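For the sequence shown, the residue numbers in the numbering used here are 100 to 210.
First the structure, in the form of structure tokens, and then the observations on it.
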Amino acid sequence: AIHNAGANHVVLHARPAILSGLSPVKNRIIPTLDYDFVRSIAADFKGKVDITLNGGITSLTQLNSLRSNTSSPISNYMAGRWSLRRPLDLVGVEGLINDESSASLKEMNTI
């Protein structure tokens, strides 16, 4: 399998890509996110390959909720467009990484 080929980390997108009939923009909206699928794959490879969930994370609250599930086999979480749209939220992400109290993890208000 993948870990036998030397991979120790895989990033999985939670939204399936529809390769024909949808524009790239619609591909980011129409197919539904399937976090359970990513969790299932992560469980299958637990202890062999670290799995990073990518897709649809849009807030600190959501990220914190995903991370607080201690039974989840997912190793890491990746957020792309959210950090482009709300760069000041990265301060809160840094707090999550550094395990600061939840009081300091409030989303930043943009001016």
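We put the CB at the ideal spot given by N, CA and C, even for glycine.
Owing to the predicted nature of the structure, the values given are computational and were not obtained by experimental measurement.
What is the rounded straight-line gap between the Cα of residue i and the Cα of residue j?
i: residue 147; j: residue 188; result: 32 Å
i: residue 259; j: residue 115; result: Outside the shown range of the chain (100 to 210) lies residue 259, about which nothing can therefore be said.
Using only CA atoms, which one of the options lies nearest to residue i?
i: residue 117; options: 131, 107, 105, 181; result: 131
i: residue 140; options: 178, 111, 104; result: 111
Mark residue i as exposed unless 16 or more other C-beta atoms lie within 10 angstroms of its C-beta, in which case mark it buried.
i: residue 159; result: buried
i: residue 101; result: exposed
i: residue 150; result: buried
i: residue 152; result: buried
i: residue 137; result: buried
What residues match up with residue i in a beta bridge as DSSP calls it?
i: residue 211; result: The chain is shown only over 100 to 210; residue 211 falls outside these bounds and no answer can be derived.
Give a single yes or no on whether residue i has its beta carbon closer than 7 Å to a heavy atom of the ligand ATP.
i: residue 123; result: No copy of the ligand ATP occurs in the structure displayed, which carries no ligand at all.
Problem - Contained beta strand (DSSP E) runs [length at least 3] in the stretch 149 to 191, N- to C-terminal order - result: 149 to 153, 175 to 177
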